[in-house]
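To start, the structure itself, in structure tokens.
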Amino acid sequence: MPQASTDGHVPLGDFGQLLTVGQAAEYLGTGQRFVRRLISERRIPYVKLGKHVRLERCALDAFVAAGRVPCR
Numbered sequence: 001m002p003q004a005s006t007d008g009h010v011p012l013g014d015f016g017q018l019l020t021v022g023q024a025a026e027y028l029g030t031g032q033r034f035v036r037r038l039i040s041e042r043r044i045p046y047v048k049l050g051k052h053v054r055l056e057r058c059a060l061d062a063f064v065a066a067g068r069v070p071c072r
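Structure (structure tokens):
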């Protein structure tokens, strides 16, 4: 995991690869509407770059992991 510098900035690198809503939907195997609903309900963290919304791949992985139901 990348380390934060003295100013608190963490370089993105591969760890924080930013995806568009369409790419995130494809990565999750869902539709864009579902991803946009997750964003509007603030169930997943996102990054605003001007008017553009981007999602970190690690945030999507954490969302999936949080919803994982263990087997018996």
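Start counting the sequence shown at 1; every next residue gets the next number (UniProt numbering).
By construction, the Cβ of each residue, glycine as well, lies at the ideal position given by its N, Cα and C atoms.
Note that this is a predicted model, so its numbers are computed, not measured.
7 Å CB neighbourhood of Ile39 in its chain, flanking five on each side removed: The residue labelled residue 39 in the question sits at position 39 within the sequence shown. Hits under 7 Å: Tyr46 and Val53.
Between the CA atoms of Val64 and Leu49 - distance to the nearest angstrom: Here residue 49 corresponds to residue number 49 of the sequence shown, with the count starting at 1. Here residue 64 corresponds to residue number 64 of the sequence shown, with the count starting at 1. Each residue's Cα considered, the two are about 24 Å apart.
Beta-carbon separation (whole angstroms), Gly31 vs Ala25, contact threshold 8 Å: Residue numbering aside, residue 31 sits at position 31 when the sequence shown is read from its first letter. Residue numbering aside, residue 25 sits at position 25 when the sequence shown is read from its first letter. So it is a contact: roughly 6 Å between Cβ atoms.
For Arg57, write down the residues that DSSP places opposite it in a beta bridge. Residue 57 sits at position 57 when you count from the first residue of the sequence shown. Paired residue(s): none; Arg57 is not in a bridge.
Give the secondary structure of Val64 by DSSP, where H, G and I count as helix, E and B as strand, and everything else as coil. In the sequence shown, residue 64 corresponds to position 64, counting from 1. Residue state, collapsed to three classes: helix.
Taking its Cβ as the centre, do 16 or more other Cβ atoms sit within 10 Å of Val21, making it buried, or is it exposed? Along the sequence shown, one-based indexing puts residue 21 at 21. Buried, because 16 or more other Cβ atoms sit within 10 Å of the Cβ of Val21.
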